């Protein structure tokens, strides 16, 4: 009887209701701390039920002590003062399918460089088609990697539960995850396995489901080690940002190369805007020298035009058919096919100045740098 009471208390803490309607955690204006955008993604264990902030406290402190500059991102917000960034995407009571139903919108809004995924606990607690939970996880991972192909996705084997039958279900679920992750790696996706399960025992659980403060800190240590093992996932110590995804800034203007409203729709025209951390569009270079925006859209000359004055817009990436770019030693960005410079119209530096292709004339053209 005591075991059943403890289980019911844990379910209540996870925010479950019989009708399947889940209470939303509180939200607040997002903090923008600059640096590499990391999304903690999952359920109440990500949110930090019982210990507000959860593993994010210890992870943040390790990142700061390691001199990494990281910006936690997400639509949710909670935690104590010693957690320097309170943003996250943890939803108490949510299952894999519920995360999957919302993930595209979150990714397009938050634009993470790195995703920390710990999900599946509520599928087991709710006995929700547990045998097919690995399939749902695989679908969710595909959704993440399709929407954010340049992001590193760290997939955790979930922590244990105190109930013996549920703990066995956790082990079965976790056993499927290495194969899922390897299949994504084999497909060229940036997915990484994290063995979170072995880090905690039932002694580290405060209510049979959620970790104690020490248990959450053990999770933080595992996440931190995993992040350090993947180059670029949290930048480099003391760099102030990532090595792959970064703002591109006009050297003369100090303004970001941005798309209005952070749109990634085809045909959206590029402009200069004030740089405000995560509020501006961030770019990365592919191996094919395409300059890509979040959502895997290419920075392209309109209609692949190569004449001076051609406007630069966003288009789907189609390999060699899109404009390729070269970042030159003098700070200019040149079209590989055209040899023309990516420039602010008439070297303008005001907000809203359109970006176009112009003949490269030394100092007359816009210089760029990675932020």
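Residue numbers (mature numbering (1 follows the signal peptide of the UniProt record, and there is no 0)): -23 to -1, 1 to 348.
Using N, Cα and C, we set each Cβ at its ideal position, and we do this for glycine too.
Computed from a predicted structure; not experimentally measured.
Contacting residues, own chain, Cβ-Cβ under 6 Å from residue i (five flanking each side not counted)
{"i": "residue 25", "result": "31"}
{"i": "residue 150", "result": "97, 110"}
{"i": "residue 221", "result": "Low confidence applies to residue 221: its pLDDT is 41, below 50, so where it sits in the model is not reliable enough to give any reading."}
{"i": "residue 28", "result": "190, 193"}
{"i": "residue 114", "result": "73"}
{"i": "residue 203", "result": "131, 171"}
{"i": "residue 211", "result": "13, 45, 47, 204"}
{"i": "residue 40", "result": "47"}
{"i": "residue 322", "result": "330, 331, 333"}
Residue i (DSSP reduced to helix, strand or coil)
{"i": "residue 225", "result": "strand"}
{"i": "residue 157", "result": "helix"}
{"i": "residue 336", "result": "coil"}
{"i": "residue 321", "result": "strand"}
{"i": "residue 278", "result": "strand"}
{"i": "residue 174", "result": "helix"}
{"i": "residue 237", "result": "helix"}
{"i": "residue 35", "result": "helix"}
{"i": "residue 261", "result": "strand"}
{"i": "residue 310", "result": "strand"}
{"i": "residue 192", "result": "helix"}
{"i": "residue -21", "result": "Confidence is the limiting factor: at residue -21 the pLDDT is only 36, short of 50, which leaves the residue's position unreliable, though a coordinate-based value still follows. DSSP places residue -21 in helix when its eight states are reduced to three."}
{"i": "residue 45", "result": "coil"}
{"i": "residue 22", "result": "helix"}
{"i": "residue 15", "result": "strand"}
{"i": "residue 40", "result": "helix"}
{"i": "residue 290", "result": "strand"}
{"i": "residue 202", "result": "helix"}
{"i": "residue 270", "result": "strand"}
{"i": "residue 50", "result": "coil"}
{"i": "residue 168", "result": "strand"}
Residue closest to residue i, alpha-carbon to alpha-carbon, out of the options
{"i": "residue 192", "options": "182, 201, 200", "result": "182"}
{"i": "residue 303", "options": "239, 276, 291", "result": "276"}
{"i": "residue 287", "options": "346, 334, 12", "result": "334"}
{"i": "residue 244", "options": "281, 206, 227", "result": "281"}
{"i": "residue 174", "options": "124, 249, 137, 164", "result": "137"}
{"i": "residue 71", "options": "238, 125, 18, 35", "result": "18"}
{"i": "residue 300", "options": "283, 308, 307", "result": "283"}
{"i": "residue 20", "options": "196, 57, 69", "result": "69"}
{"i": "residue 124", "options": "160, 84, 162", "result": "84"}
{"i": "residue 108", "options": "154, 81, 235", "result": "154"}
{"i": "residue 42", "options": "117, 342, 59, 141", "result": "59"}
{"i": "residue 55", "options": "166, 308, 33, 331", "result": "33"}
{"i": "residue 12", "options": "278, 306, 252, 102", "result": "252"}
{"i": "residue 201", "options": "35, 161, 167", "result": "35"}
{"i": "residue 66", "options": "22, 99, 120", "result": "22"}
{"i": "residue 16", "options": "86, 57, 75", "result": "86"}
{"i": "residue 79", "options": "99, 64, 100, 52", "result": "52"}
{"i": "residue 330", "options": "247, 307, 82", "result": "247"}
{"i": "residue 187", "options": "236, 102, 75", "result": "102"}
{"i": "residue 235", "options": "289, 279, 104", "result": "289"}
{"i": "residue 386", "options": "342, 39, 141", "result": "Because the chain here runs from -23 to 348, residue 386 falls outside it and cannot be looked at."}
7 Å Cβ shell around residue i - same chain, five flanking residues per side excluded
{"i": "residue 274", "result": "241, 291, 292, 293, 294"}
{"i": "residue 139", "result": "179, 182, 185"}
{"i": "residue 199", "result": "171, 173, 176"}
{"i": "residue 168", "result": "118, 122, 130, 132, 158, 161, 162"}
{"i": "residue 207", "result": "129, 169"}
{"i": "residue 116", "result": "77"}
{"i": "residue 105", "result": "72"}
{"i": "residue 250", "result": "232, 233, 235, 257, 328"}
Own chain, CB closer than 8 Å to residue i, minus 5 neighbours either side, in chain order
{"i": "residue 310", "result": "225, 268, 302, 303, 304, 318, 319, 345"}
{"i": "residue 313", "result": "266, 300, 301, 302, 303"}
{"i": "residue 165", "result": "none"}
Exercise. Which runs of the alpha helix (DSSP H) fall wholly inside the segment 61 to 149 and span at least 4 residues, in chain order?
Worked result: 73 to 87, 98 to 102, 110 to 124
Exercise. So, do the segment 312 to 328 and the segment 228 to 244 have three or more beta carbon pairs nearer to each other than 8 Å?
Worked result: yes
For this session: Determine, using beta-carbon pairs with one atom in the segment 142 to 152 and one in the segment 203 to 216, whether at least three such pairs fall under 8 Å.
Result: no
Exercise. Do the segment 88 to 99 and the segment 124 to 133 touch if we need at least three Cβ pairs shorter than 8 Å?
Worked result: yes
For this session: Flag this pair as touching only if the segment 306 to 324 and the segment 335 to 344 have three or more C-beta atom pairs under 8 Å; answer yes or no.
Result: yes
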